[in-house]
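Beneath this line is the structure, given in structure tokens, with notes to follow.
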Ligand SMILES: CC(C)(COP(=O)(O)OP(=O)(O)OC[C@H]1O[C@@H](n2cnc3c(N)ncnc32)[C@H](O)[C@@H]1OP(=O)(O)O)[C@@H](O)C(=O)NCCC(=O)NCCS
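Numbering (the working numbering), first residue to last: 74 to 305.
Here it is in structure tokens:
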């Protein structure tokens, strides 16, 4: 097995990878991501929604897979999209789901997505890279693969005209790696007190040590072209 993040092969997520990536996330994302575990949410609960969404994340051109060249296995994925002023949310559709858990999950994600109005905050920004789901299996963890996947997605985002990157970071390791890449925390959602229609939704015994979700962002513009908040 590869020893370092740099010895993996990074490539764009393609249509051909969709089933493989969904199976990978069923195994390595849902059982280990705090919002999913805290809502007792499994891959099965998300089945109808996830295949279509992964296809959309293929089309964005900013989703990346990491492969271990020694065995061909997936060693990490980042699913991301590009938001524009005309299309500034991605989770609304699943709010119509008949499944309560799916609706609850997407309510949480929609609250996070709407918590900061980036297009109002940064007047010059018209394309935003939104990092949605980051997954690295436990056996590959802690050697910078998550970090490298974020950087690979950022590189593609910049090439496609994105000036800002955002993430709804729901777990301590992702919050930590984004912070170290220069992302700032702009909003914090406390899992303990969060309620929908007066009810607390998270099982705090299953949040895997993460107390809150954080909306984080980083300007991607280079120093010569530095963007300022509210710049016209
Ligand atoms: C989040 C995840 C992608 C990180 O992948 P990774 O390849 O291990 O990430 P990296 O090695 O680049 O960096 C992880 C950072 O978090 C730290 N970290 C790892 N596990 C941690 C833990 N349980 N508590 C605190 N910090 C932790 C690492 O030490 C590292 O920080 P450092 O660079 O300061 O040492 C991976 O843990 C994962 O797939 N988790 C399950 C799904 C999930 O929660 N995704 C994120 C949702 S937004």
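Don't be surprised by glycine CBs; every beta carbon is placed ideally from N, CA and C. Keep in mind that this is a model prediction, so the values were computed, not measured.
Leaving aside the five residues that flank residue 252 on each side, the residues in its chain whose CB is nearer than 8 Å to its CB run, in chain order, 258, 289.
Per DSSP, reduced to three states, the secondary structure at residue 138 is strand.
Around residue 98, the same chain offers 208 as residues with beta carbons nearer than 6 Å, after the five sequence neighbours per side are excluded.
Per the C-alpha coordinates, the member of 90, 173, 182 positioned closest to residue 145 is 90. Taking the Cα positions, residue 177 is about 16 Å away from residue 280. Inclusion of residue 151 and residue 94 in the CB contact set at 8 Å is not warranted, their separation being larger than that value. Of the heavy atoms belonging to ligand 1, at least one sits nearer than 7 Å to the Cβ of residue 247. When DSSP reads this structure, residue 149 sits in a beta bridge with 139. Under the criterion of beta carbons closer than 8 Å, residue 130 and residue 154 qualify as touching, at roughly 6 Å. Proximity to residue 188 across 221, 261, 102 peaks at 261, based on C-alpha coordinates. Ligand 1 never approaches residue 270 closely enough for any of its heavy atoms to be under 7 Å from the residue's Cβ. Per DSSP, residue 221 has no beta-bridge partner at all. Taking 7 Å as the cut-off, the C-beta of residue 113 does not count as close to any heavy atom of ligand 1.
For residue 83, the uninterrupted beta strand (DSSP E) run begins and ends at 82-85, by DSSP. Taken in chain order, the complete alpha helix (DSSP H) segments of 4 or more residues contained in the stretch 181-253 are 191-194, 218-232, 245-253. Closest in C-alpha terms to residue 240, from the list 104, 191, 174, 96, comes 191. By the Cβ neighbour-count rule, residue 162 is exposed, with fewer than 16 other Cβ atoms within 10 Å of its own. For residue 259, the distance from the CB to the nearest heavy atom of ligand 1 is not below 7 Å. Collapsing the DSSP output to three states places residue 287 in a strand. The C-beta of residue 266 has fewer than 16 other C-beta atoms within 10 Å across all chains shown, which makes the residue exposed. Each of 92, 248, 179, 210 was checked against the Cα of residue 114, and the nearest Cα belongs to 179. In the three-state reduction of the DSSP assignment, residue 158 falls in the coil class, being assigned neither a helical nor a strand state. Beta-bridge annotation (DSSP): residue 258 is paired with 289.
For the pair residue 275 and residue 112, the CB atoms are nearer than the 8 Å cut-off.
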